[in-house]
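Here the structure is laid out as C-alpha cells; the discussion comes afterwards.
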Amino acid sequence: MINALNRNLEADLEGRTGQKVRLCYQCKKCSAGCPVAFAMDLLPHEVMKMAQYGQETRLLKSSTIWLCASCETCSTRCPNEIDIAGAMDGLRQMAIAKGVEPAEREIGVFHRSFLDGIRLAGKTNEPALIGEYKAMSRRLFNDLGLGAVMFVKRKIKLKPRMVRDRKAVRRVFRETEGGAKE
Amino acid sequence: MSDISFSYFPGCSQSGSAEEFGLSTVAVCRALGIELSELPDWNCCGASSAHMTNDLLAVSLPGRDLAIANRLGHDLLVVCAACYSRMKVAQSRILGDEALAKKVETAVGGDPRFRGQIRHLLDVLVNDVGVGSIMKWRRLKLAGLKAVPYYGCLLVRPPEFCCCDSVENPTDMDRLLESLGVEVRSWSYKTDCCGGSLSLSRTDIVEKMVNGIFTRAIEAGADCIVAACPMCVGNLEMRQKPAYFSFKLIHRMPVFYFTELLGLAMDLPGVEKWLGSHLIDPFPLLSDVGLAQLERT
Chain S
150 MINALNRNLE ADLEGRTGQK VRLCYQCKKC SAGCPVAFAM DLLPHEVMKM
200 AQYGQETRLL KSSTIWLCAS CETCSTRCPN EIDIAGAMDG LRQMAIAKGV
250 EPAEREIGVF HRSFLDGIRL AGKTNEPALI GEYKAMSRRL FNDLGLGAVM
300 FVKRKIKLKP RMVRDRKAVR RVFRETEGGA KE
Chain F
28 MSDISFSYFP GCSQSGSAEE FGLSTVAVCR ALGIELSELP DWNCCGASSA
78 HMTNDLLAVS LPGRDLAIAN RLGHDLLVVC AACYSRMKVA QSRILGDEAL
128 AKKVETAVGG DPRFRGQIRH LLDVLVNDVG VGSIMKWRRL KLAGLKAVPY
178 YGCLLVRPPE FCCCDSVENP TDMDRLLESL GVEVRSWSYK TDCCGGSLSL
228 SRTDIVEKMV NGIFTRAIEA GADCIVAACP MCVGNLEMRQ KPAYFSFKLI
278 HRMPVFYFTE LLGLAMDLPG VEKWLGSHLI DPFPLLSDVG LAQLERT
C-alpha cells in the first residue's frame, strides 16, 4: 500500500490525547483481550506499532479505528498504562479533522445522527435517532420487525424529550465545533 | 431509615427505551428512603458518539450538567452506566485541567467545576445502604432464579472510575442479588463488552458478541442475566433473537435490571409494568420458579 508517513504522528497523538504510543513494547495483551478483534483489519497492538512508525494513512483509513467499541479492556490491562482506547479516539478524531472518509461508513453515519439529535433536542430520542440513521445510511428496511415490537413494548416513544434551554445546547455545539484542536 | 439525598441525573434511555430501569430506580430509591431530586433541565451526556468524534464536545455536554449540579451543591446520582462514565470522566478532566475547564465554562455558560461526588446507584446500594439493611426490606425471596450478574464495561472501566470492588472480577451485584435469594452463578463474562455502541451500525458483529455472552451464561447454568446498563440490556435483548437465527442456539433468556429484581423482592407496586416492557418476556421464567403471582399488564 502506498503509505505517506507522518513523522510527527506520535507527537500529534500525544498532543491530542496525552497518550505516549512509543511506550508500547508489543506484548499484545490489548489484542488478546479485545472483544472486537475478530472483526478488525488491524489489531490494537498493530495500531500502536504503526503509530510509532508514523503510518498515518493506513491508520486513518482503517476499519479498526471505527470498530473499537471503547470498552477500554485494552487500556485497563496495558502494562505500560497506555490508554489505547483513548489513542483510538484520537486517531478517529484526526481522521474526521482531515476529512478522511470512514472505512466504516455506517458507524460514521450513526455517530453523526446521534449528535445531530442532541444538537436539536438536547436529549436523545430513539425515533429521531433511528429515523435519521436509517435515512442517512440508506438502510431503511433493517430491523423493521424489531422496531414494531419496540413500539408495542413502549420502548419507542413518539413524544420527544427536549431540553427547555435549547439555546444553551446549541451554544455548546457551536463553541466546541471541530473539537479540542489547539 | 436512611438520610441519603442526591441530585439525580436520569439520562435519556431511562424515559425511553429503558423506561423500566428509570421507573424501578425511582421506586426502589423511594422505598429505601434515598431522596432524589432530578437535575433541572439536564441534557444528554453525549454517550460514545461524542467522545469518539469530538473530544471537547464530549467534556462540554456533561459539563453543562455538572454546572447545573454545581449550582445545587448535592452529590450526583446516576443510574445509566454510560452516563455515569461520561460524567466521571468529564468531572475529572475539568478539575484536572484549568485551561480545559475555562473552555468548557465558555461553552456551557456556567461553572462546570463540580466538586461533589458522582455515584452510581449500585455503589450506593451496596456501600451506603448496605446489603444487610436491604435484606430487611425483602418481602419475597427470589429463590429459584439462577442469574449471572453482568457488569459490562462502564461500571468498572476505566479503572480510576470503577465504582465496584474489582475491575476484573467485581462482586457488588453478586452480593446484592444473593441477599435477595437469587442463586448467583459464577462466570467469566461479567465485564465483557456487549458491543452496544455498534448495535445499529454493525449488527453482524454485535450478534456474534451477544451470542458469546448468552452461550457463556447458559454454560454457567444461569436462566437469566442481570445488568446495570440500559445499553447492555437493550442490546442483549434486541440482538438475542437474530443471534438465534444465525447460531441456532436457544436464546430466549430474560435480562433484568438489578433494580427490577430489587423491586420484585421488596414487593413494590409497578413491578408488573416494568417487567412487561421487556423485549424478552420474563414471565414464563418467573412462573416456572413460582414468582409469578404477578399479573402481566
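As given, the protein sequences belong to chains S and F, one line each in that order.
For the first sequence, the positions run 150 to 331 when the numbering used here is used.
For the second sequence, the positions run 28 to 324 when the numbering used here is used.
Every residue gets a Cβ at the ideal spot worked out from N, C-alpha and C, and that includes glycine.
With a beta-carbon spacing of about 6 Å, F:ILE240 and F:CYS221 fall inside the 8 Å limit used to define contacts. Secondary structure of F:CYS251 (DSSP, three-state): strand. Here F:ASP294 is exposed, its C-beta having fewer than 16 other C-beta atoms within 10 Å. Look at the segment 198-241 of chain F and you find no whole run of beta strand (DSSP E) that is 3 residues long or longer. Contact between the segment 207-216 of chain F and the segment 168-180 of chain F is present: three or more C-beta pairs spanning the two stretches fall below 8 Å. Rounded to whole angstroms, the Cβ separation of F:ASN81 and S:THR325 is 6 Å, and the two are in contact under 8 Å. Looking at the backbone, the Cα of S:SER219 and that of F:ALA109 are separated by about 11 Å.
If you draw a straight line from the Cα of F:ASP199 to the Cα of F:LEU149, it is about 8 Å long. For S:ALA244, the enclosing alpha helix (DSSP H) has its first and last residue at 233-246. In the DSSP assignment, F:HIS147 falls within the unbroken beta strand (DSSP E) covering 145-147. When DSSP states are grouped into helix, strand and coil, S:PRO228 belongs to the coil group. DSSP places F:PHE141 in the coil class of the three-state scheme, outside both helix and strand. In the three-state scheme derived from DSSP, where H, G and I count as helix and E and B as strand, F:LEU63 is classed as strand. Burial of S:GLY239 is indicated by the presence of at least 16 other C-beta atoms within 10 angstroms of its C-beta. At the C-beta level, F:VAL282 and F:CYS259 come within 9 Å of one another. Counting the other CB atoms within 10 Å of its CB gives S:VAL301 a total below 16, which places it among the exposed residues. Within chain F, ARG184, PRO185 and PRO186 have C-beta atoms less than 9 Å from the C-beta of S:SER224, given in sequence order. Of the residues F:LEU104, F:GLY157, F:GLU195 and F:ALA319, the one whose Cα lies closest to the Cα of F:GLY143 is F:LEU104. Checking the DSSP bridge columns, you'll see F:LEU103 partnered with F:SER34 and F:ILE145. Between the segment 292-306 of chain S and the segment 40-53 of chain F, the count of Cβ pairs shorter than 8 Å is three or higher; the stretches touch.
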